[in-house]
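Per this note's numbering, the very first residue in the sequence shown carries number 61; after that it's consecutive. A quick write-up on the structure given underneath.
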Amino acid sequence: MDSQVQKLTAKGRATRQRIIDGAAAEIREQGVATATLDDIMARTQTSKSQLFHYFPDGKEQLLLAVATQEAQQVLDDQQPYLSELTSWAAWQRWRDAVVERYRRQGQSCPLSVLMSEIGRSTPGAQAVTSALMRQWHDEIATGVRHMQAADKVSEELDADRTAAALLAGIQGGVGIMLATGDLSYLEAALDVGVGSLRT
């Protein structure tokens with residue numbers, strides 16, 4: 061949580077969250093290019109002065125807050141499985157949760173749409189994406205290390221590189237699914253990636 065948000069009262073945090081939730085809903089319904097600040101204010105019953113109090117830099121700052129929330133949702137949708145990669149059955153449950161998340165999402169990815177609007181190369185967008193990938197990677201690496209400690213995965217495997225490869229496979233599979241609607245590449249990336257841990 062950034063320092064600006066930490067300084068808010070409980071009521072202020074609730075109002076800020078209501079604006080983010082309303083903006084996320086508006087973007088899902090209207091699309092990021094079509095959703096206006098006026099639409100968001102109407103949906104959240106907030107005034108212009110309130111909106112700019114919580115998001116002084118305007119729409120881009122609000123979009124980054126929505127993107128941060130969407131990124132967290134990617135991880136939340138994998139829980140509790142992602143944090144409990146302690147057996148082969150647990151890895152299978154996590155694999156199934158990832159596939160199901162993207163099956164439900166379909167070809168419309170709110171996070172990708174938001175990032176294209178903000179500009180993937182802006183410092184804010186890069187920070188959101190980096191934080192998501194770092195947390196996701198670290199959870200997978202922790203699971204690999206747990207399996208190594210239980211003598212279920214070779215000690216010779218580099219847990220960080222293995223997690224990076226699995227995550228890259230997931231992202232590649234998601235990219236193909238977004239472009240074609242075909243989920244089988246994501247399933248293959250997960251199946252081969254997790255399967256390689258057993259050898």
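Idealized CB from N, CA, C, for every residue including glycine.
| Asked | Found |
| --- | --- |
| Member of 208, 99, 106, 96 whose CA lies at the smallest distance from the CA of residue 77 | 106 |
| Residue 215 (DSSP reduced to helix, strand or coil) | coil |
| Assigned secondary structure, residue 112 (DSSP; H/G/I helix, E/B strand, else coil) | helix |
| Alpha-carbon spacing of residue 168 relative to residue 137, whole angstroms | 16 Å |
| Of the residues 249, 73, 220, the one placed nearest residue 159, counting alpha carbons only | 249 |
| Residue closest to residue 253, alpha-carbon to alpha-carbon, out of 240, 80, 237, 223 | 223 |
| Residues near residue 144 in its chain [Cβ-Cβ closer than 6 Å; skip 5 each side] | 150 |
| Length of the line joining the Cα atoms of residue 217 and residue 152 | 20 Å |
| Three-way DSSP call (helix, strand, coil) for residue 72 in this model | helix |
| Backbone secondary structure at residue 183 - three-state DSSP | helix |
| Contact set for residue 146: own chain, Cβ-Cβ below 8 Å, skip 5 residues either direction | 203, 206, 207, 210 |
| Residue 85 vs residue 127 beta-carbon contact at 9 Å | no |
| For residue 200 and residue 227, believed in contact at Cβ under 8 Å, the rounded distance | 6 Å |
| Limits of the unbroken alpha helix (DSSP H) element including residue 126 | 119–136 |
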